[in-house]
Amino acid sequence: MSPHGKPNAVSRPMPAPPNHQLDPQTTAPQECPPSILWHALRYLFPPACQLCGVALPLYSTKLNLCPTCIAGCTQQPVAACPICAEPYTTSMVVAHSCAQCVHHPPPFKWLKSMGIHAEKLQQAVQQLKYSGRFHLASPLALLLRQCLNSEITDFAPQAIIPVPLHPKRLRERGFNQSQLVAQQLGNALNISVNSRYLVRIRATRSQTDLTRQQRMQNLKEAFALHGTMTPQRILLVDDVVTTTATSRECSRTLTRAGHEVCVVALGRTRLDA
Ligand SMILES: [Zn+2]
Ligand SMILES: [Zn+2]
301 MSPHGKPNAV
311 SRPMPAPPNH
321 QLDPQTTAPQ
331 ECPPSILWHA
341 LRYLFPPACQ
351 LCGVALPLYS
361 TKLNLCPTCI
371 AGCTQQPVAA
381 CPICAEPYTT
391 SMVVAHSCAQ
401 CVHHPPPFKW
411 LKSMGIHAEK
421 LQQAVQQLKY
431 SGRFHLASPL
441 ALLLRQCLNS
451 EITDFAPQAI
461 IPVPLHPKRL
471 RERGFNQSQL
481 VAQQLGNALN
491 ISVNSRYLVR
501 IRATRSQTDL
511 TRQQRMQNLK
521 EAFALHGTMT
531 PQRILLVDDV
541 VTTTATSREC
551 SRTLTRAGHE
561 VCVVALGRTR
571 LDA
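Heads up: the sequence shown begins at 301 in the working numbering, then just goes up one per residue.
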């Protein structure tokens with residue numbers, strides 16, 4: 301389904317892919333042949349799934365995730381908004397934009413996620429965010445790239461920007477999980493990552509207990525641009541999207557300066573989930 305579908309366009313029944321169809325070209329082992337040292341290390345330290353720890357075949361791909369975890373992390377809803385990926389709760393719908401995108405068109409071109417923020421993926425994001433398992437940023441970013449390869453290639457981003465944390469929050473946490481994923485995604489795509497251009501200038505309260513409207517209000521004018529940046533097409537990276545309030549406000553700040561923005565997230569959920 302095209303991410304550029306017109307709002308309210310009623311066409312055919314929506315497909316209900318249980319998972320992203322991964323491109324075998326990108327799931328296959330890539331880049332230069334492994335060295336003798338690499339083979340030796342593989343024998344000494346056999347690979348294991350970085351999420352569940354199950355043993356992997358000796359010559360598994362760089363992802364280092366088992367098929368069960370890959371399937372769990374890339375689970376898609378039965379149907380979703382083609383613009384913001386809002387998951388629909390029923391498959392008995394035809395392709396259409398969600399009410400939010402129709403009444404309040406987002407400043408981004410499209411938003412896509414790797415999977416539903418539940419079970420395996422939720423567990424992986426929580427481990428990355430709260431358990432200091434930073435090494436998960438790499439397999440998650442590689443999997444995100446594989447899932448959304450065609451959309452990202454079509455958009456042809458010139459720069460990648462993570463959703464920023466306020467400096468106070470960054471000091472408390474010590475890292476920005478979206479930045480970790482953005483950096484790994486940038487490495488995989490060979491696209492530069494800029495973590496200084498888009499900044500959070502207002503410390504906002506936690507969004508957890510807020511309604512959609514309150515979240516929008518809470519984030520109003522919370523971001524600003526620092527300096528100038530030439531690349532026009534920007535891929536914004538977030539960890540989890542719930543109401544799109546953060547993605548919208550970041551994108552609004554960027555589009556005001558003339559940039560075109562698409563958003564990728566690891567997980568997508570909805571407020572009433
Ligand atoms: Zn696993
Ligand atoms: Zn939508």
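No residue lacks a Cβ here, since even glycine has one placed at the ideal position from N, Cα and C.
In this text the structure is predicted, and so the values were computed from the model without any measurement.
The beta carbons of L436 and Q427 sit about 6 Å from each other, so the pair counts as a contact at 8 Å. Beta bridge pairing from DSSP links R512 with no other residue. Residues lining ligand 2 by the Cβ criterion, that is a Cβ closer than 5 Å to any of its heavy atoms, are C381, I383, C384, E386, C398, C401 in chain order. Not one heavy atom of ligand 1 lies closer than 7 Å to the C-beta of V425.
In the displayed model, L337 falls within a helix according to three-state DSSP. A direct Cα-to-Cα measurement between K520 and V499 gives close to 13 Å. Taking C-beta atoms as the reference points, A385 and R568 count as a pair closer than 8 Å. Using a C-beta cut-off of 8 Å, the segment 373 to 392 makes no contact with the segment 522 to 540, since fewer than three inter-stretch Cβ pairs fall below that distance. Put simply, of R556, V564, T543, L480 the residue whose alpha carbon is nearest the alpha carbon of A399 is T543. The beta carbons of C352 and C373 sit no closer together than 8 Å. Of the candidates A355, A565, H403, the residue whose Cα lies closest to the Cα of L440 is A565. The Cβ neighbour count for F434, taken over all protein chains shown within 10 Å, is under 16; the residue is labelled exposed.
D572 sits in coil when the DSSP states are folded into three classes, being neither helix nor strand. For R473, the uninterrupted alpha helix (DSSP H) run begins and ends at 467 to 473, by DSSP. A check of alpha carbon separations from P407 across V425, R552, Q483 identifies R552 as the nearest. In the DSSP assignment, P405 falls outside any alpha helix (DSSP H) and carries neither an H nor an E. The segment 522 to 534 makes no contact with the segment 473 to 488; the number of CB pairs closer than 8 Å stays below 3. Our two residues, A522 and R548, have alpha carbons roughly 11 Å apart in a direct line. In this structure, H466 sits away from Y497, with a CB-CB distance that is not shorter than 8 Å. Where A441 is concerned, the enclosing alpha helix (DSSP H) starts and stops at 437 to 447. Check the Cα spacing between S391 and each of Q376, H404, V402: the tightest is with Q376.
Counted as a single uninterrupted DSSP element, the alpha helix (DSSP H) harbouring R552 occupies residues 545 to 556.
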